[in-house]
Amino acid sequence: VTSEGHAPSSAAMILLGSGLAVTVSKFLFGRLSETISTYYCNLLFGGISFLGMIMILLFHGNLLLLGCGIVLFSAGLGMSTVGLVIWASDLSAEGEFEKLNHRYQTGFSLGALMFSFVPGAMADYFHGSYIPAFFLLTICLVIVIITVTFIYKRNEAVS
Numbered sequence: 057v058t059s060e061g062h063a064p065s066s067a068a069m070i071l072l073g074s075g076l077a078v079t080v081s082k083f084l085f086g087r088l089s090e091t092i093s094t095y096y097c098n099l100l101f102g103g104i105s106f107l108g109m110i111m112i113l114l115f116h117g118n119l120l121l122l123g124c125g126i127v128l129f130s131a132g133l134g135m136s137t138v139g140l141v142i143w144a145s146d147l148s149a150e151g152e153f154e155k156l157n158h159r160y161q162t163g164f165s166l167g168a169l170m171f172s173f174v175p176g177a178m179a180d181y182f183h184g185s186y187i188p189a190f191f192l193l194t195i196c197l198v199i200v201i202i203t204v205t206f207i208y209k210r211n212e213a214v215s
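Using my numbering, the first residue of the sequence shown is number 57, and each one after it goes up by one.
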């Protein structure tokens with residue numbers, strides 16, 4: 057936000073909104089996965105994050121719409137936090153939950169660690185713009201949504 061020339065106080069407000077959105081998202085993903093199924097929660101929360109990323113890409117110059125995009129992206133992140141444990145529960149064979157959950161958590165942590173430098177490096181390469189990094193993250197998000205949907209369908213975990 058500040059790299060686009062907006063005030064630090066605006067960035068702080070957007071950060072506050074995104075933090076609240078993530079917190080609520082974690083609760084709602086867990087609750088709704090019990091109510092409407094994890095399969096549909098994956099699509100709903102993935103779609104919310106995708107919409108947020110599209111808004112970030114399209115409206116990075118407009119503070120209000122950029123902030124809305126960041127908050128929407130954050131509102132879908134329950135899928136990538138609480139979702140991991142629920143996916144392990146839904147998709148593991150009997151007695152294999154701990155092993156699968158460990159794999160998911162480790163993969164998520166390693167991916168986050170290994171990818172954490174990429175947005176900054178891309179911004180340096182693209183003369184200070186984070187837009188190419190957000191585009192790459194959007195592609196990754198779409199791949200995750202498609203992959204999880206496919207795995208749920210393949211394992212008949214859709215209900």
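C-beta: ideal position from N, C-alpha, C; glycine also. Keep in mind the model is a prediction, meaning the values are calculated, not measured.
I need the DSSP call for residue 42, collapsed to helix, strand or coil.
With the chain covering 57 to 215 only, the question about residue 42 has no answer from this structure.
Residue 211 versus residue 83 - alpha carbon distance:
Here the alpha carbons of residue 83 and residue 211 stand approximately 25 angstroms from one another.
My parser needs the alpha helix (DSSP H) runs of 4 or more residues fully inside the stretch 103-135; what are they?
Counting only unbroken stretches of 4 or more residues, the alpha helix (DSSP H) elements lying wholly within the stretch 103-135 are 119-131, in sequence order.
Extent of the continuous alpha helix (DSSP H) to which residue 86 belongs
Run containing residue 86: 64-91, per the alpha helix (DSSP H) assignment.
Residue 185 - DSSP class collapsed to helix/strand/coil
Correct three-state label for residue 185: coil.
For residue 144, which of helix, strand or coil comes out of DSSP?
It is helical.
Whole angstroms are fine: how far does the CA of residue 165 sit from the CA of residue 175?
Each residue's alpha carbon lies about 17 angstroms from the other.
Does the distance from the C-beta atom of residue 113 to that of residue 203 stay below 8 angstroms?
Contact flag unset, no.
Chain-order list of residues whose beta-carbon lies under 6 angstroms from that of residue 108 (same chain, five-residue window excluded)
Closer than 6 angstroms at the Cβ level, and outside the excluded window around residue 108, lie 125, 128, 129.
Within 8 angstroms, strictly: CB atoms of residue 135 and residue 121:
In this structure, the beta-carbon distance from residue 135 to residue 121 does not fall below 8 angstroms.
Comparing C-alpha positions only, which one of 98, 139, 88, 180 sits nearest to residue 206?
When C-alpha distances from residue 206 are compared across 98, 139, 88, 180, the shortest belongs to 98.
Does the Cβ of residue 208 have 16 or more other Cβ atoms within 10 Å, making it buried, or fewer, making it exposed?
It counts as buried.
Say whether the stretch 133-151 touches the stretch 68-86, bearing in mind that this needs 3 or more beta-carbon pairs closer than 8 angstroms, one atom from each stretch.
Because the criterion of three Cβ pairs below 8 angstroms is met, the stretch 133-151 and the stretch 68-86 touch.
Is residue 179 helix, strand or coil by DSSP?
Looking at residue 179 - three-state DSSP - the assignment turns out to be helix.
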